[in-house]
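Have a look at the structure below before the remarks.
In the working numbering, the protein residues as written are 514 to 843.
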């Protein structure tokens, strides 16, 4: 069915009639000049009246089409049931400077940690049918990038658009957890799962991981932590190639504590295979019952009357500027 977003604008449709019915301006009458008809084919009064009425009809039609367009017509589709069972999951992603280390291998290709995370976490988001997801980005501070939503496509797009250094080069793990706690607190009934992905240790923020852990326990939030980074990396120098540990700054102790004391688990993401266990575990989480909801898809229709009005106005301008011809009988 057709639905108008601003139906009150349709009251402007009869305005051309009001203009038409306005009293005509009085004109001074002059004596008629009588002359013999020397040229045949002169227009009659009926033809003149018809020509004067045609522009008014065309302009009125253009006006009606414009009013229909600005009233925002929409096609309201059939109601679609939203799944009544799902999970409430907040995803916190580290965007600190160390995420640019190129020590990850995905499908035989070496890439930095953020690039690998975008690919694997993006696939994970696609599989979360029926879940409400939120996205937190943290560096020097923590920011809510996407609030809780069923729109997985938007969450994935926001993740793909993230860049290193967007929120600073440090790591505020405590602030990220505290922000998630605050967002979860806005919804009373939820299984409240936080997925925290980082490659370092807490080096910034106003709240320490220990303080945020107390908040998470008090609000019954389960935290799953993922430590990102390879264990071995070949580094070239003036003295040759040597092996280094690119994840030496990863605070696994704190991440394990956050997960254990909230009933979650800690994982190490060294490559794409390491992430498979996370998928399987989170798929096994018991979904919670949610309020029954429905949505009706809306499709905008304003472009059709607007395009018709523009086409009609264009043709009318061409007609007004047509070449004039004088026809006379020989």
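Cβ atoms here follow ideal geometry from the backbone N, Cα and C, with glycine treated the same way.
Could you say which of 685, 728, 732 lies nearest to residue 712 if we only look at CA atoms?
Considering only alpha carbons, the answer is 685.
Please state whether DSSP places residue 685 in a helix, a strand or coil.
In this structure, residue 685 counts as coil in the three-state DSSP scheme.
Taking buried to mean at least 16 other C-beta atoms within 10 Å of its own C-beta, is residue 546 buried or exposed?
Residue confidence is low: residue 546 scores 48 on pLDDT, short of 50, so the model does not pin down where it sits. Its coordinate-derived value is still stated next. Result: exposed.
Taking 8 Å as the cut-off, decide whether the C-beta atoms of residue 677 and residue 627 are in contact.
In this structure, residue 627 lies closer than 8 Å to residue 677 by Cβ.
To the nearest angstrom, how far is the alpha carbon of residue 717 from that of residue 683?
Their Cα atoms are separated by approximately 6 Å.
Mind checking residue 727: buried by the 16 CB within 10 Å criterion, or exposed?
It counts as exposed.
So for residue 764, helix, strand or coil by DSSP?
Here residue 764 sits in coil by DSSP.
CA-CA distance, residue 794 and residue 689?
Answer to the nearest angstrom: the Cα atoms are 22 Å apart.
Measure the Cβ-Cβ separation of residue 587 and residue 819 and say whether it is below 8 Å.
Contact flag unset, no.
Starting from the Cα of residue 529, find the closest Cα among 784, 516, 573 and give me that residue.
Residue 573 is the option with its Cα nearest to residue 529.
Counting only the same chain and skipping the five closest in sequence on each side, list residues whose C-beta sits under 6 Å from that of residue 519.
Once the five neighbours on either side are set aside, the close Cβ partners of residue 519 are 584, 585.
Rounding to the nearest angstrom, what Cα-Cα distance links residue 675 and residue 823 in this structure?
Approximately 40 Å between the Cα atoms of the pair.
When you compare the CB positions of residue 696 and residue 661, do they come within less than 8 Å of one another, or not?
Cβ distance < 8 Å, so residue 696 and residue 661 count as in contact.
With a Cβ-Cβ cutoff of 8 Å, do residue 665 and residue 639 count as a contact?
Taking 8 Å as the Cβ cut-off, residue 665 and residue 639 qualify as a contacting pair.
Apart from the five residues just before and just after residue 525, which ones in its own chain have a Cβ nearer than 6 Å to its Cβ?
Answer for residue 525: 580, listed in chain order.
So what's residue 676 in DSSP terms, helix, strand or just coil?
In this structure, residue 676 counts as coil in the three-state DSSP scheme.
Taking the straight line between their C-alpha atoms, what separation do you get for residue 826 and residue 590?
Between residue 826 and residue 590, the C-alpha separation is close to 32 Å.
By DSSP's criteria, residue 647 is part of a beta bridge. Which residues make up the other side?
Its beta-bridge partners are 603.
With 8 Å as the threshold, decide whether the Cβ of residue 638 is near any Cβ in chain C.
Annotation note: the requested chain C is absent from the structure, which comprises a single protein chain.
In angstroms with no decimal places, state the Cα-to-Cα distance between residue 652 and residue 644.
So the two alpha carbons sit approximately 26 Å from each other.
What are the boundary residues of the alpha helix (DSSP H) that includes residue 635?
Looking at the DSSP string, the run of the alpha helix (DSSP H) that includes residue 635 is 626-639.
Reducing DSSP to helix, strand and coil, say where residue 658 ends up.
Residue 658 falls in the strand class under three-state DSSP.
Between which two residues does the alpha helix (DSSP H) holding residue 832 run?
Here the alpha helix (DSSP H) through residue 832 covers 816-833.
Considering only C-alpha positions, which residue in the set 522, 672, 780 is nearest to residue 630?
For the residues 522, 672, 780, the minimum Cα distance to residue 630 belongs to 672.
Tell me whether the beta-carbon of residue 692 lies closer than 8 Å to the beta-carbon of residue 655.
Going by C-beta atoms, residue 692 is nearer than 8 Å to residue 655.
Please check the pair residue 710 and residue 736, which I expect to be a contact at CB under 8 Å, by giving their CB distance rounded to whole angstroms.
Contact doesn't hold; Cβ gap of about 11 Å is too wide.
Tell me the residue span of the alpha helix (DSSP H) that contains residue 726.
Run containing residue 726: 722-731, per the alpha helix (DSSP H) assignment.
Classify residue 602 as buried or exposed, calling it buried when 16 or more other Cβ atoms lie within 10 Å of its own Cβ.
With 16 or more Cβ atoms within 10 Å of its Cβ, residue 602 is classed as buried.
Quick check on residue 784: does DSSP put it in helix, strand or coil?
Residue 784 falls in the strand class under three-state DSSP.
So residue 829 and residue 571 are supposed to be a Cβ contact under 8 Å. How far apart are they, rounded?
Correct: roughly 5 Å between the Cβ atoms.
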